[in-house]
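Position one of the sequence shown corresponds to residue 232 (this note's numbering), numbered consecutively onward. Backbone N, C-alpha and C define an ideal beta-carbon position, used for all residues, glycine too.
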Amino acid sequence: MSRTNRPPLSLSRMIRKMKLPGRENKTAVVVGTITDDVRVQEVPKLKVCALRVTSRARSRILRAGGKILTFDQLALDSPKGCGTVLLSGPRKGREVYRHFGKAPGTPHSHTKPYVRSKGRKFERARGRRA
C-alpha cells in the first residue's frame, strides 16, 4: 500500500476514538504508524495492532499496561477480526493538499502557491501580505 494511503495516527486521536461507547476491551488496528503525542498526560491501557509504532509511543503504551501486536499476531488472535476497531489517520493531512484547488490568486481561492522563494519580492500581492 502506498504511503499516501498509510497516514500516521497520533496517540491522542487513537485514545479519543477508543474511548467511544462500545469500543472498550477491543483491539485498535491501524494500517500505518502510531506516533507519540506529548499533549497527552495519561495513556490508558490499550491493545494495539499497527504496521509500525514509534519508540516513544511504544514505551508509553507498554508502560500503561497495554499490548502491541503485529498483523500476523492479530491474525492468530482474532482470525475473523472480531473485537477489533479499524482506525486510520487523516488522509488529507499531508501538506500537498494545500496546493490543490482553485488557482492561487483567483477570487475566493485559499490555495497555497508553489513559490520559488519566500522573500519580499516573491508572490506578495494583495491577500498574501501579512
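{"Asked": "Cβ pair count under 8 Å reaching 3, the region 352-361 against the region 276-293", "Found": "no"}
{"Asked": "9 Å Cβ cutoff met for L318 and A259", "Found": "yes"}
{"Asked": "Contact the region 341-355 vs the region 249-256: 3+ CB pairs below 8 Å", "Found": "no"}
{"Asked": "Within the region 297-361, ranges of the beta strand (DSSP E) (whole runs, at least 3 residues)", "Found": "298-300 and 315-318"}
{"Asked": "For L251, the residue or residues it bridges with in DSSP", "Found": "Answer is none; L251 lacks a bridge partner."}
{"Asked": "R283 versus L240 - alpha carbon distance", "Found": "10 Å"}
{"Asked": "Counted within 10 angstroms of its Cβ, other Cβ atoms place L251 as buried (16 or more) or exposed", "Found": "exposed"}
{"Asked": "Distance CB(R270)-CB(S233) smaller than 9 Å", "Found": "no"}
{"Asked": "Beta-carbon proximity list for P238, same chain, < 7 Å, skipping 5 on both sides", "Found": "G263, S319, G320, P321, R322 and G324"}
{"Asked": "Cβ neighbour criterion (16 or more within 10 Å) applied to R247", "Found": "exposed"}
{"Asked": "Residue environment, C280, which counts as buried when at least 16 other CB atoms sit within 10 Å", "Found": "buried"}
{"Asked": "Bridge partner(s) assigned by DSSP for L240", "Found": "I265"}
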